[in-house]
Amino acid sequence: MAKERVSLFHLVLQIAVGCLLAVGGIWALQGGGDPAAVWIARNMGNVGKTLRIVFGVVELVVGILLVLKLFIAGLSSLSKILMFIVVIIWAIVVVCGDILGGSGILQSKDFLSALYRLAMDVIILCGIIIIK
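Whatever position you read off the sequence shown (first residue = 1), add 44 for our numbering.
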């Protein structure tokens, strides 16, 4: 019985993270983005906007693949490579944006807000890693 619960929670987590990444990818392609895309655009200079678009495409594809992977076998090799890219970028965002950045936990004047953002981004990172 416990195994069924874990499987159900894994399924729900996979759908939630897939939707989150797909929406984040669409949002990044529209010029905004989730915390990772915004951090890339702000901190990568002139190529930041291009990198945000590339990341948005990767994020959108990974999100769609995560949901489709539930119904179609054989998508895991491509999605694992793209998931690895997303994990690396989210980890960089957590360290550089949420911890060391100007609005990060070490420099922010609003500690609780910075801690909340850090916790949300770590939860997303852990969700991506668990599904991977």
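The beta-carbon is built from N, C-alpha and C at its ideal position, and this holds for glycine as well. Keep in mind the model is a prediction, meaning the values are calculated, not measured.
Exposed unless 16 or more other CB atoms sit within 10 angstroms - verdict on residue i
{"i": "residue 159", "result": "exposed"}
{"i": "residue 146", "result": "exposed"}
{"i": "residue 85", "result": "buried"}
{"i": "residue 154", "result": "exposed"}
{"i": "residue 65", "result": "buried"}
{"i": "residue 174", "result": "exposed"}
{"i": "residue 149", "result": "buried"}
Cut-off 6 angstroms between Cβ atoms - residues of its own chain near residue i, not counting five sequence neighbours on either side
{"i": "residue 129", "result": "102"}
{"i": "residue 176", "result": "127"}
{"i": "residue 29", "result": "Residue 29 lies beyond the stretch modelled for the chain, which goes from 45 to 176, so this question has no answer here."}
{"i": "residue 83", "result": "137 and 141"}
{"i": "residue 62", "result": "107, 110 and 111"}
{"i": "residue 80", "result": "133, 134 and 137"}
Close beta carbons around residue i, own chain, < 7 angstroms, minus the five adjacent residues each side
{"i": "residue 45", "result": "Caution applies to residue 45, whose pLDDT of 43 falls short of 50 and renders its modelled position unreliable; the value that the coordinates give is listed next. Cβ neighbours of residue 45 beyond the five flanking positions: none."}
{"i": "residue 123", "result": "106, 109, 110 and 113"}
Cβ-Cβ separation, residue j to residue i (assumed contact under 8 angstroms), whole Å
{"i": "residue 73", "j": "residue 92", "result": "Between residue 92 and residue 73 the Cβ distance is about 15 angstroms, and since that is not below 8 angstroms, they are no contact."}
{"i": "residue 77", "j": "residue 96", "result": "6 angstroms"}
Residues near residue i by beta carbon distance below 8 angstroms, same chain, minus five either side
{"i": "residue 143", "result": "149, 150 and 162"}
Touch check for the stretch 161-170 and the stretch 128-142: three-plus C-beta pairs under 8 angstroms? The stretch 161-170, when compared against the stretch 128-142, does touch it at the 8 angstroms Cβ threshold.
Three or more C-beta pairs below 8 angstroms linking the stretch 62-72 and the stretch 103-113: Output reads yes: the stretch 103-113 touches the stretch 62-72.
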